[in-house]
């Protein structure tokens with residue numbers, strides 16, 4: 002019973018669950034806002050009604066997720082003070098700076114212009130109104146950057162000095178914090194993954210309507226747009242993921258070693274990528290694996306003769322640096338498999354998109370089960386993103402701030418197991434209710450009809466977009 006009420010364990014579960022729940026909405030927002038901005042740009046540029054219909058239709062989905070993301074994100078900040086006060090006291094000088102910029106600059110920017118975008122359809126000129134959605138894109142993506150900067154300090158602490166008198170890490174170089182190589186490489190990886198998720202949602206929504214033979218003129222182009230978005234963003238994910246892997250190897254070699262289940266240092270052909278691996282029960286050695294020679298070294302160092310340091314060698318090194326009373330490797334099986342499942346869902350999404358483009362070429366009609374694959378495949382990038390964050394955070398263990406603060410040292414000293422358990426149950430119930438609301442709102446938006454636009458000619462073009470006044474009340 003005492004183990005079940007351990008404040009550290011419960012605090013980790015609570016933060017992990019609330020963070021993953023919050024991150025259900027963030028990538029949809031980051032990816033969908035770009036797609037909506039592209040469609041609205043095409044509407045203003047060409048006057049084609051279909052682009053206005055797509056802008057309005059998927060704009061609803063973007064707004065639903067934006068609102069839900071704000072509501073669930075507020076909880077994260079309270080936990081820093083309630084459950085992780087020692088951590089907040091230790092890194093507050095550094096951690097607070099990017100979070101302050103996120104709130105004062107990025108969030109105000111996106112909140113202001115998203116309001117103008119929602120209510121400015123019939124009040125602003127088309128070009129000025131278009132500018133509001135692109136400023137929303139900038140604000141939303143800038144917000145993501147500052148959040149990633151804060152997280153990157155936990156992965157690779159830079160730009161600070163440790164004050165032995167106060168026992169705190171103090172900011173000395175904000176530029177180094179902002180240009181942390183982990184944050185710089187993590188941003189494009191996060192954004193391209195978010196765009197892939199938006200693409201699968203667009204394709205799945207179009208597939209739902211097309212399977213019912215409705216609104217072909219709107220959702221056939223949307224399907225093609227979504228599938229191409231998945232493929233293009235997938236290429237970006239691979240390139241940015243490779244750069245992130247190199248940065249991870251340089252800053253957190255133990256995470257890379259755990260991701261490959263590589264117990265001993267290897268280079269060249271021996272630095273191989275494990276497709277499947279079995280280890281000993283205590284996780285200290287490999288029993289059998291299926292490997293691709295050279296690939297792990299290339300992923301880690303960008304050279305085929307690169308060296309990947311092993312778990313056992315790094316454990317000995319860290320024991321000498323930080324003390325021999327701690328295991329410095331994460332849970333190997335969790336890190337190893339989360340890395341592979343993350344990649345699997347990304348590649349599976351790209352495969353579905355490529356096959357979908359081939360099947361629907363020249364207006365061909367897919368079979369019913371193929372529509373179903375497109376619809377259910379919408380969740381694949383989301384699973385990949387969530388598992389990717391599990392890999393990122395669990396692979397850092399046992400550190401809360403790598404090399405500076407172990408996880409157990411960051412929990413609030415006055416937090417009791419009962420109090421954390423009560424809040425955990427409360428958050429779970431509330432989030433469960435919000436999940437039902439979110440699903441119902443999304444399904445209603447997805448299953449709705451595109452907005453009719455009067456005044457278009459037979460080609461579906463409005464010669465003067467200035468004459469089209471769309472009421473904001475449609476939202």
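In the numbering used here, the protein residues as written are 2 to 476.
All C-beta atoms in this analysis are idealised placements derived from N, C-alpha and C, irrespective of residue type, glycine included.
Look at the Cβ atom of residue i, then the Cβ atom of residue j, and state whether they are nearer than 9 Å.
| i | j | result |
| --- | --- | --- |
| residue 170 | residue 189 | no |
| residue 33 | residue 62 | yes |
| residue 26 | residue 83 | no |
| residue 105 | residue 139 | no |
| residue 350 | residue 381 | yes |
| residue 375 | residue 389 | no |
| residue 166 | residue 354 | no |
| residue 200 | residue 177 | no |
| residue 211 | residue 221 | yes |
| residue 223 | residue 378 | no |
| residue 147 | residue 100 | yes |
| residue 154 | residue 92 | yes |
| residue 107 | residue 143 | yes |
| residue 80 | residue 156 | no |
| residue 137 | residue 122 | no |
| residue 134 | residue 114 | yes |
| residue 94 | residue 35 | no |
| residue 264 | residue 303 | no |
| residue 360 | residue 367 | yes |
| residue 96 | residue 145 | no |
Tell me which same chain residues have a C-beta within less than 6 Å of the C-beta of residue i, skipping the five on either side of it?
| i | result |
| --- | --- |
| residue 334 | none |
| residue 237 | 193 |
| residue 60 | 37 |
| residue 411 | 85, 87, 88, 401 |
| residue 409 | 9 |
| residue 13 | none |
Can you say whether residue i is buried or exposed, counting buried as having 16 or more other CB atoms within 10 angstroms of its CB?
| i | result |
| --- | --- |
| residue 397 | buried |
| residue 46 | exposed |
| residue 402 | buried |
| residue 301 | buried |
| residue 474 | Because residue 474 sits at a pLDDT of 47, beneath the cut-off of 50, its placement in the model cannot be relied upon, and the following sentence gives the value as read from the coordinates. So residue 474 counts as exposed. |
| residue 462 | exposed |
| residue 1 | This structure does not reach residue 1, given that the chain is present from 2 up to 476, and the question cannot be answered. |
| residue 149 | buried |
| residue 288 | exposed |
| residue 421 | buried |
| residue 453 | exposed |
| residue 48 | buried |
| residue 277 | exposed |
| residue 449 | exposed |
| residue 322 | exposed |
Here's a check: name, in chain order, each residue in its chain whose Cβ is nearer than 8 Å to the Cβ of residue i, leaving out the five neighbours to either side.
| i | result |
| --- | --- |
| residue 336 | 256, 259, 260, 392, 395, 396 |
| residue 267 | 273, 297, 298, 308, 309, 311 |
| residue 65 | 439, 442, 443, 446 |
| residue 428 | 15, 18, 19, 76 |
| residue 407 | 327, 399, 400, 401 |
| residue 21 | 387, 390, 391 |
| residue 251 | 182 |
Who are the near neighbours of residue i in its chain, counting only those whose CB is closer than 7 Å to its CB and skipping five residues on each side?
| i | result |
| --- | --- |
| residue 482 | The structure shown does not extend to residue 482, since the chain is modelled only from 2 to 476, so the question has no answer here. |
| residue 244 | 186 |
| residue 131 | 41, 42, 45 |
| residue 424 | 15 |
| residue 198 | 28, 29, 32, 382, 383, 386 |
| residue 270 | 294, 295 |
| residue 451 | 54, 58, 216, 219 |
| residue 234 | 193, 196, 197, 200 |
| residue 405 | 158, 170 |
Based on the DSSP secondary-structure assignment, which residues constitute the bridge partners of residue i?
| i | result |
| --- | --- |
| residue 49 | 462 |
| residue 164 | 169 |
| residue 274 | 293 |
| residue 83 | Answer is none; residue 83 lacks a bridge partner. |
| residue 308 | 268 |
| residue 406 | 402 |
Note the first and the last residue of the continuous alpha helix (DSSP H) segment covering residue i.
| i | result |
| --- | --- |
| residue 359 | 333–360 |
| residue 125 | Premise fails: residue 125 is in no alpha helix (DSSP H) and is neither H nor E. |
| residue 413 | Careful: residue 413 lies outside any alpha helix (DSSP H) and carries neither H nor E. |
| residue 210 | 182–212 |
| residue 116 | 109–120 |
| residue 225 | 217–252 |
| residue 382 | 381–395 |
| residue 179 | 175–179 |
| residue 479 | With the chain running from 2 to 476 in the structure shown, residue 479 is simply not present. |
Could you pull the start and end residues of the beta strand (DSSP E) that residue i belongs to?
| i | result |
| --- | --- |
| residue 11 | Counting along the chain, residue 11 falls outside any beta strand (DSSP E), though it belongs to the alpha helix (DSSP H) covering 8–23. |
| residue 401 | 400–402 |
I want to see whether chain D comes within less than 9 Å of residue i, judged by CB atoms only; does it?
| i | result |
| --- | --- |
| residue 138 | Considering every chain present, this structure includes no chain D. It has just one protein chain. |
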